[in-house]
Amino acid sequence: MRHFQLQIKFYIQFSLLLAMVSYSGFSFATLTRVDSTSGTVLKGAMSEFLMIRVNDAQGGIRAGVKLGFSLTNTACEAVNVAVLDVLDGGVSDAQGIVHVRLNAASPLVTAGIHTVDAWIADEPAVRLTIPLIVEQHNSLFVTQGQCQTVNVGQTAQPIIFRFLDNGGLPRTLIDVRFELHDSNGTVGDGLLIVSGTTNEQGQVQTLVSTTRAGKWTVSAHARTALDFTASLGITVLPMEASVLAPVAGEQQSLNAGRLSEPFIFVLQDVFGNVPITQEGQTVHFSVVTPSGITTTTGLTRTTAISNAQGQVSTQFTAPDVLGTYRIQANLPNRP
Numbered sequence: 002m003r004h005f006q007l008q009i010k011f012y013i014q015f016s017l018l019l020a021m022v023s024y025s026g027f028s029f030a031t032l033t034r035v036d037s038t039s040g041t042v043l044k045g046a047m048s049e050f051l052m053i054r055v056n057d058a059q060g061g062i063r064a065g066v067k068l069g070f071s072l073t074n075t076a077c078e079a080v081n082v083a084v085l086d087v088l089d090g091g092v093s094d095a096q097g098i099v100h101v102r103l104n105a106a107s108p109l110v111t112a113g114i115h116t117v118d119a120w121i122a123d124e125p126a127v128r129l130t131i132p133l134i135v136e137q138h139n140s141l142f143v144t145q146g147q148c149q150t151v152n153v154g155q156t157a158q159p160i161i162f163r164f165l166d167n168g169g170l171p172r173t174l175i176d177v178r179f180e181l182h183d184s185n186g187t188v189g190d191g192l193l194i195v196s197g198t199t200n201e202q203g204q205v206q207t208l209v210s211t212t213r214a215g216k217w218t219v220s221a222h223a224r225t226a227l228d229f230t231a232s233l234g235i236t237v238l239p240m241e242a243s244v245l246a247p248v249a250g251e252q253q254s255l256n257a258g259r260l261s262e263p264f265i266f267v268l269q270d271v272f273g274n275v276p277i278t279q280e281g282q283t284v285h286f287s288v289v290t291p292s293g294i295t296t297t298t299g300l301t302r303t304t305a306i307s308n309a310q311g312q313v314s315t316q317f318t319a320p321d322v323l324g325t326y327r328i329q330a331n332l333p334n335r336p
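So the sequence shown is numbered by our numbering: it starts at 2 and just counts up by one.
What follows is the structure in structure tokens.
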């Protein structure tokens, strides 16, 4: 009985050009921070007032303008705005200024960096973001690098932790190790700095660059007699589809005239992640014969549209000519 070995291989490579389009709308107002506060507050206390001025397009003062506020913590989670003390209902005074401060005594407020977001109620596109660090004695906390979203393979901005003693002074020369965990708690390998020593300000930093998309947690562990730990989240986004990986039917042996099992492929980005767009991608199939001729003869499907899982498939009827046949999958207009 005649039979042959069918080896399934495919290659798909293309350069991906990402176009970033931004839109700039016209506004008649701006928000500017005009206070000279330190940007820090001790846990258990009220912060100094942040002063936000509302100006028109020419720089003139705008009184009677209402602002809205939100607060985000180190974990990039929204905090109840009741912890913000906003004077005069958030309406700008005769100098165009709105006063707001943080109640760091609230149990809703934890140690670490927080973000106060302010916007004009009638013009929500006009916004101002103010970082505010809540310091706590005898603790390790985040001071920079929260709420980051980066692409796979991209190095995130530095993530900085600070360590204070019981008196609020920096703890120096303390060894700190870092860990990176995915949403399942699995340890990742995307840390560029895995350990460090606190400097004279009690600070130590790490960097993240991973090729695995998803939500990650960066943790810092201080090596002291007591266990001190702090953490924050970072989101890593995949790229557009650029490769196809076999799911089923990768190697088959067929008799002449027999129909193969489905060859199923799934779209991935260049690092093997589920791509940004899975569904609706067009894929073309072809066959390279033992003599090196590229054809579509024998394929049950020469074009397929990826489904919601990013998968496409085709089948192949074995010809009479024995040999090794290679199945190729390509995106249109790509090599």
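In this text, a Cβ means the ideal position worked out from N, Cα and C, and glycines have one as well. All values reported here derive from a predicted model rather than from experimental measurement.
Fill in: Residue environment, Val110, which counts as buried when at least 16 other CB atoms sit within 10 Å
Reading the sequence shown from its first residue, position 109 is the one you call residue 110. When all chains shown are included, Val110 counts as buried.
Worksheet item: Taking C-beta to C-beta, are Ala214 and Val153 nearer than 7 angstroms?
Response: What you label residue 214 is simply residue 213 of the sequence shown in a count that begins at 1. What you label residue 153 is simply residue 152 of the sequence shown in a count that begins at 1. Contact: yes.
Worksheet item: When the Cβ atoms of the segment 71-88 are set against those of the segment 32-42, are three or more pairs found closer than 8 angstroms?
Response: no
Item to complete: Report the three-state DSSP secondary structure of Asn84 (helix, strand or coil).
Response: Here residue 84 refers to the residue found at position 83 of the sequence shown. The amino acid at residue 84 is misidentified as Asn; the sequence shows Val. Val84 falls in the helix class under three-state DSSP.
Worksheet entry | Sequence-distant residues of its chain with Cβ nearer than 6 angstroms to Val84 (five each side left out) | In the sequence shown, the residue the question calls residue 84 occupies position 83. Around Val84: Asn104, Ser107, Leu109, Val110.
Discussion item. DSSP has Pro171 in a bridge; who is on the other side?
Written reply: Within the sequence shown, the letter at position 170 stands for residue 171. Pro171 pairs with Leu165.
Practice prompt. Please confirm if the segment 273-282 is in contact with the segment 238-245, defined as three or more CB-CB distances below 8 angstroms between the two stretches.
Written response: yes
Discussion item. Does Gly273 come out as helix, strand or coil in the three-state DSSP assignment?
Written reply: Numbered from 1 along the sequence shown, position 272 holds the residue referred to as residue 273. Coil.
Item to complete: Would you grab the beta carbon distance between Thr198 and Val205 for me? Rounded to a whole angstrom, and I think it's under 8 angstroms.
Response: Here residue 198 corresponds to residue number 197 of the sequence shown, with the count starting at 1. Here residue 205 corresponds to residue number 204 of the sequence shown, with the count starting at 1. The pair is a contact, with the Cβ atoms about 7 angstroms apart (cut-off 8 angstroms).
Discussion item. For a test of the three-state rule: what should DSSP assign to Asp321, helix, strand or coil?
Written reply: What you label residue 321 is simply residue 320 of the sequence shown in a count that begins at 1. The answer is coil: DSSP assigns Asp321 none of H, G, I, E or B.
Worksheet item: If you draw a straight line from the C-alpha of Lys44 to the C-alpha of Ile194, how long is it?
Response: As a first step, residue 44 must be located in the sequence shown, where it is residue number 43. As a first step, residue 194 must be located in the sequence shown, where it is residue number 193. If I take the Cα positions, the gap works out to 29 angstroms.
Discussion item. Can you give me the C-alpha to C-alpha distance between Ala58 and Val127, rounded to a whole angstrom?
Written reply: Position 57 of the sequence shown holds residue 58. Position 126 of the sequence shown holds residue 127. Those two C-alpha atoms are separated by around 12 angstroms.
Worksheet item: For Phe179, which residues of its own chain have a beta-carbon under 6 angstroms away from its beta-carbon, when the five flanking residues on both sides are left out?
Response: Counting from one through the sequence shown, the residue named residue 179 turns up at place 178. Excluding sequence neighbours, Phe179 sits near Leu192, Val195, Thr207, Ala221.
Worksheet item: Which residues mark the beginning and the end of the beta strand (DSSP E) in which Ala330 is found?
Response: Within the sequence shown, residue 330 is the residue found at index 329, counting from 1. Per DSSP, Ala330 belongs to the beta strand (DSSP E) from 327-331.
Practice prompt. Give me the Cα-Cα distance between Phe164 and Leu233, rounded to the nearest whole angstrom.
Written response: Working through the sequence shown from its first residue, we reach residue 164 at position 163. Working through the sequence shown from its first residue, we reach residue 233 at position 232. Cα to Cα, Phe164 sits roughly 15 angstroms from Leu233.
Worksheet entry | Delimiting residues of the beta strand (DSSP E) encompassing His115 | Counting from 1 along the sequence shown, the entry for residue 115 is found at position 114. Run containing His115: 113-121, per the beta strand (DSSP E) assignment.
Discussion item. Taking a contact to mean a Cβ-Cβ separation below 7 angstroms, would you say His285 touches Thr298 in this structure?
Written reply: What you label residue 285 is simply residue 284 of the sequence shown in a count that begins at 1. What you label residue 298 is simply residue 297 of the sequence shown in a count that begins at 1. Their beta carbons are not under 7 angstroms apart, which means His285 does not touch Thr298 by this criterion.
Worksheet entry | DSSP three-state assignment for Asp228, whether helix, strand or coil | Taking the sequence shown and counting its residues from 1, one reaches residue 228 at position 227. Asp228: strand per DSSP, three-state reduction.
Discussion item. Taking 6 angstroms as the limit between beta carbons, can you name the residues of its chain near Ile98, skipping five residues before and five after?
Written reply: For the purposes of this step, residue 98 is taken as the residue at position 97 of the sequence shown. Same-chain partners within the cutoff: Met52, Arg54.
Worksheet entry | Strand pairing of Lys67, partner residues [DSSP] | Within the sequence shown, numbered from 1, the residue matching residue 67 stands at position 66. DSSP lists Val92 as partners of Lys67.
Discussion item. Could you compute how far the alpha carbon of Ala95 sits from the alpha carbon of Leu129?
Written reply: Position 94 of the sequence shown, counting from 1, holds the residue named residue 95. Position 128 of the sequence shown, counting from 1, holds the residue named residue 129. So the two alpha carbons sit approximately 20 angstroms from each other.
Item to complete: To the nearest angstrom, report how far apart Phe229 and Glu201 are at their CA atoms.
Response: The residue labelled residue 229 in the question sits at position 228 within the sequence shown. The residue labelled residue 201 in the question sits at position 200 within the sequence shown. Straight-line Cα distance between these residues: approximately 18 angstroms.
Worksheet item: Apart from the five residues on each side of it in sequence, which residues of its chain come closer than 7 angstroms, Cβ to Cβ, to Pro239?
Response: Taking the first residue of the sequence shown as 1, we reach residue 239 at position 238. Cβ neighbours of Pro239 beyond the five flanking positions: Val153, Ala214, Asp270, Asn274, Val275, Pro276, Ile277.
Worksheet item: What is the residue span of the beta strand (DSSP E) that Met52 lies within?
Response: As a working mapping, residue 52 is identified with position 51 in the sequence shown. Segment 51-57, the beta strand (DSSP E) holding Met52.
Worksheet item: Sorted by chain position, which residues of the same chain lie with C-beta nearer than 7 angstroms to Arg102's C-beta, five sequence neighbours on each side aside?
Response: What you label residue 102 is simply residue 101 of the sequence shown in a count that begins at 1. Excluding sequence neighbours, Arg102 sits near Met47, Ser48, Glu49, Phe50, Leu51, Asp86.
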